[in-house]
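Contents: one structure, followed by commentary.
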């Protein structure tokens, strides 16, 4: 079973921000879950490095655009490493494999009659590398996305005949309700298509930093948004590795931010249709993180630096907060106060305290060794054994916060079980004490494996403290259908608190 998941490639003229983090943490969580479920996962991310904005910024700094790209791409790779993002590949649009594949797709669409030559006249936003019609922005001629001034552009251009695919893409979306998620985004795209699709200018001759139009030596370069989308193909082998491409395409899911939905839900699938290729199976557009109800932006000075958050609170606390605080797909409001509250209540008081409590009892009563159970706690065990099916349903729908709520139900149930059984009241040679402590050890195994996709570093720490030799990455979720997996006699190690309280 294969599972191909992508996030957008990020424009290297911008520094990575919380929105980038949100997308990649969500994708990483799903990728890790699918690996535990036995899938052959291919998780792709990368950087978009062409376009007029890059050329202008490089000229301003007195360096070549490639030098600028090489310098900034390191910042994305460093952040993904700090967040424990488990991408299987990282593609750059300046790589030869991408240039080769993008050129091949352009030629394929052209030969099929999907591209012709004309003249472009209209508004263009250089920071967003986006074309806009007059009906799409206000009298101040500002970009609807970034609210910066647009430029009037007139030039010879090659056009993708997107309008000819209006009925086909409309029918495709209407017949497959799962293609665009959540449902509100699907409705938005359907309404846009019904307003009428225009042919898309896909070449630029006013600058040179890009992939040359392959069918015309004087045709300029391919429009960055047309070329960049092709990374989802070139990243899995299109134009370079046919076997890999045949295995993984079409993508099972592409997770994006809602601000780039129209590119991915209209332009991208019509490009694929024109090339005779299948669209991705699902496109999921999540919401934005706001600050006091306003979108984060440099001009407002309300950007949140992810590196500072990791330095102050740790990678797993940030990962947990992003996927627990707001239902995935909706907008959320970020504040340090909310993050600290989650850390103190959920991570320190609930999870951290439970781990410390159980390992402390093992240290006190059994010299830190997992005891042999003398019986079973069937009623309590059943609470855990039914969880995998529930979690799988939520994960298929990307309802991450509900998965975490159910995991924390297990945490609370375990704390209640300890209070009810009161093992400290039993004699040390009481057989029932061994059963209780073994049961508690198994609960930590369950919880560690369930939280691994969300908080991999924390789960590894729990795994190590339980003394389980086989790495948690090599565990399968099928092990959660069986009770009694942890071996009696295993030596545990009570470590430092997983999440010290803040303040």
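Residue numbers (the working numbering): 2 to 504.
Ideal Cβ placement from N, Cα and C applies to all residues, glycine included.
Because the structure is a prediction, the values reported are computed rather than measured.
Item to check | Best match in 256, 150, 261 and 358 for proximity to residue 398 [C-alpha to C-alpha] | outcome: Taking the chain shown and counting its residues from 1, one reaches residue 398 at position 397. Measuring from the Cα of residue 398, the nearest candidate turns out to be 256.
Next on the checklist: Give me, in chain order, the residues of the same chain whose beta-carbon lies closer than 6 Å to that of residue 12; leave out the 5 immediate sequence neighbours on both sides.
Outcome noted: Position 11 of the chain shown, counted from the first residue, corresponds to residue 12. Only 49 meet the Cβ criterion.
Checklist entry - So who's on the other strand from residue 291, going by DSSP bridges? => result Against the chain shown, residue 291 aligns to sequence position 290. Looking at the DSSP output, residue 291 shares a beta bridge with 296 and 334.
Next on the checklist: Let me make sure I understand the geometry here. Which of 201, 429 and 100 has the alpha-carbon closest to that of residue 159?
Outcome noted: As a position in the chain shown, residue 159 is number 158, starting the count at 1. Selected option, being the one with the closest Cα: 201.
Item to check | Those runs of the alpha helix (DSSP H) which lie wholly inside the stretch 61-116 and span at least 4 residues | outcome: Those alpha helix (DSSP H) runs which fall completely within the stretch 61-116 and span 4+ residues are 66-83 and 97-112.
Checklist entry - Which one of 264, 480, 449 and 423 has the shortest CA to CA distance from residue 386? => result Reading the chain shown from its first residue, position 385 is the one you call residue 386. Residue 480 is the option with its Cα nearest to residue 386.
Checklist entry - Would you call the stretch 482-496 and the stretch 330-337 in contact, with 3 or more CB pairs under 8 Å? => result no
Item to check | Cβ-Cβ separation, residue 259 to residue 229 (assumed contact under 8 Å), whole Å | outcome: Taking the chain shown and counting its residues from 1, the one referred to as residue 229 is at position 228. Taking the chain shown and counting its residues from 1, the one referred to as residue 259 is at position 258. Going by Cβ atoms, the distance from residue 229 to residue 259 rounds to 18 Å, so no, they are not a contact pair.
Checklist entry - Since residue 452 and residue 444 are thought to touch, with beta carbons under 8 Å apart, how far apart are those beta carbons, to the nearest angstrom? => result To locate residue 452, count along the chain shown from 1; it is residue 451. To locate residue 444, count along the chain shown from 1; it is residue 443. Contact doesn't hold; Cβ gap of about 12 Å is too wide.
Checklist entry - First and last residue of the beta strand (DSSP E) that includes residue 184? => result As a working note, residue 184 is residue 183 in the chain shown. Per DSSP, residue 184 belongs to no beta strand (DSSP E); it is in the alpha helix (DSSP H), 184-195.
Item to check | Residue closest to residue 152, alpha-carbon to alpha-carbon, out of 126, 380 and 472 | outcome: Counting from 1 along the chain shown, the entry for residue 152 is found at position 151. Checked all of 126, 380 and 472; the closest Cα to residue 152 is 126.
Item to check | Spatially closest choice to residue 275 from 108, 102, 91 and 31, by CA coordinates | outcome: Taking the first residue of the chain shown as position 1, residue 275 is located at position 274. Residue 275 has its Cα closest to that of 108, out of 108, 102, 91 and 31.
Item to check | For residue 15: DSSP bridge partner residues | outcome: As a working mapping, residue 15 is identified with position 14 in the chain shown. Looking at the DSSP assignment, residue 15 forms no beta bridge with any residue, so it has no partner.
Checklist entry - Going straight from the alpha carbon of residue 264 to that of residue 227, what length do you get? => result What you label residue 264 is simply residue 263 of the chain shown in a count that begins at 1. What you label residue 227 is simply residue 226 of the chain shown in a count that begins at 1. Near 9 Å, if we compare the C-alpha coordinates of residue 227 and residue 264.
Checklist entry - Can we say the stretch 71-87 touches the stretch 19-35, given the rule of at least three CB pairs closer than 8 Å? => result yes
Checklist entry - Between the Cα of residue 284 and the Cα atoms of 28, 16 and 14, which residue gives the shortest distance? => result Residue numbering aside, residue 284 sits at position 283 when the chain shown is read from its first letter. Checked all of 28, 16 and 14; the closest Cα to residue 284 is 28.
Item to check | First through last residue of the beta strand (DSSP E) which encompasses residue 161 | outcome: Here residue 161 corresponds to residue number 160 of the chain shown, with the count starting at 1. Counting along the chain, the beta strand (DSSP E) containing residue 161 begins and ends at 152-161.
Checklist entry - Using DSSP with H/G/I as helix, E/B as strand and the rest coil, what is residue 205? => result Numbered from 1 along the chain shown, position 204 holds the residue referred to as residue 205. In this structure, DSSP gives residue 205 an extended state, which the three-state scheme calls strand.
Checklist entry - In chain order, what residues of the same chain have a beta carbon less than 8 Å from the beta carbon of residue 195, not counting five sequence neighbours either side? => result As a first step, residue 195 must be located in the chain shown, where it is residue number 194. So the qualifying residues of the chain are 171.
Item to check | Distance, residue 361 Cα to residue 369 Cα | outcome: Sequence index remark: in the chain shown, residue 369 carries index 368 (1-based). Sequence index remark: in the chain shown, residue 361 carries index 360 (1-based). Cα to Cα, residue 369 sits roughly 8 Å from residue 361.
Next on the checklist: Let's test the definition: count the other Cβ atoms within 10 Å of the Cβ of residue 293 and tell me whether it reaches 16, buried, or not, exposed.
Outcome noted: If you number the chain shown from 1, residue 293 lands on position 292. Exposed, since its Cβ has fewer than 16 Cβ neighbours within 10 Å.
Item to check | Close beta carbons around residue 174, own chain, < 7 Å, minus the five adjacent residues each side | outcome: Position 173 of the chain shown, counted from the first residue, corresponds to residue 174. Excluding residues within five positions, the ones whose Cβ falls inside 7 Å are 180, 181, 187, 190 and 191.
Next on the checklist: Quick check on this structure: which residue in 273, 492 and 281 has the alpha carbon closest to the alpha carbon of residue 254?
Outcome noted: Numbered from its first residue, the chain shown carries residue 254 at position 253. Closest option to residue 254, Cα to Cα, is 281.
Next on the checklist: Give me the DSSP bridge partner(s) of residue 119.
Outcome noted: Residue numbering aside, residue 119 sits at position 118 when the chain shown is read from its first letter. Paired residue(s): 158.
Checklist entry - How many whole angstroms separate the CB atoms of residue 448 and residue 411, which I take to be in contact at a CB cut-off of 8 Å? => result On the chain shown, position 447 is the one that residue 448 refers to. On the chain shown, position 410 is the one that residue 411 refers to. Indeed, because the Cβ distance is near 6 Å, the residues count as touching under 8 Å.
Item to check | Where the alpha helix (DSSP H) containing residue 367 begins and where it ends | outcome: Here residue 367 refers to the residue found at position 366 when the chain shown is read from its first residue. Run containing residue 367: 354-367, per the alpha helix (DSSP H) assignment.
Checklist entry - Quick one, which of 70, 340 and 110 has its alpha-carbon nearest residue 271's? => result Taking the first residue of the chain shown as 1, we reach residue 271 at position 270. When each option's Cα is compared against that of residue 271, the closest is 110.
Next on the checklist: Between 326, 35 and 504, which has its C-alpha nearest residue 313's C-alpha?
Outcome noted: Residue 313 sits at position 312 when you count from the first residue of the chain shown. When only C-alpha atoms are compared, the closest one is 504.
Item to check | Three-state secondary structure assigned by DSSP to residue 370 | outcome: Taking the first residue of the chain shown as 1, we reach residue 370 at position 369. Strand, per DSSP.
Checklist entry - For residue 308, which residues from the same chain have a beta carbon less than 8 Å from its beta carbon, with the 5 sequence-adjacent residues on both sides left out? => result Taking the first residue of the chain shown as position 1, residue 308 is located at position 307. Around residue 308: 80 and 83.
Checklist entry - residue 124: which of 116, 114, 143 and 112 sits nearest, CA to CA? => result Locating residue 124 in the chain shown gives position 123, where the first residue counts as 1. The residue with the shortest Cα to Cα distance from residue 124 is 143.
Checklist entry - Can you give the Cα-Cα distance for residue 381 and residue 353, rounded to whole angstroms? => result By one-based count along the chain shown, residue 381 stands at place 380. By one-based count along the chain shown, residue 353 stands at place 352. One C-alpha to the other measures close to 21 Å.
Item to check | Cross-strand partners of residue 213 (DSSP beta bridge) | outcome: Numbered from its first residue, the chain shown carries residue 213 at position 212. Paired residues: 222.
Checklist entry - Helix or strand or just coil, what does DSSP make of residue 143? => result Working through the chain shown from its first residue, we reach residue 143 at position 142. Residue state, collapsed to three classes: strand.
Item to check | Within the stretch 230-288, ranges of the alpha helix (DSSP H) (whole runs, at least 4 residues) | outcome: 232-235, 243-249 and 269-275
Item to check | Ranges of the beta strand (DSSP E) found wholly within the stretch 403-479, counting only runs of at least 3 | outcome: none
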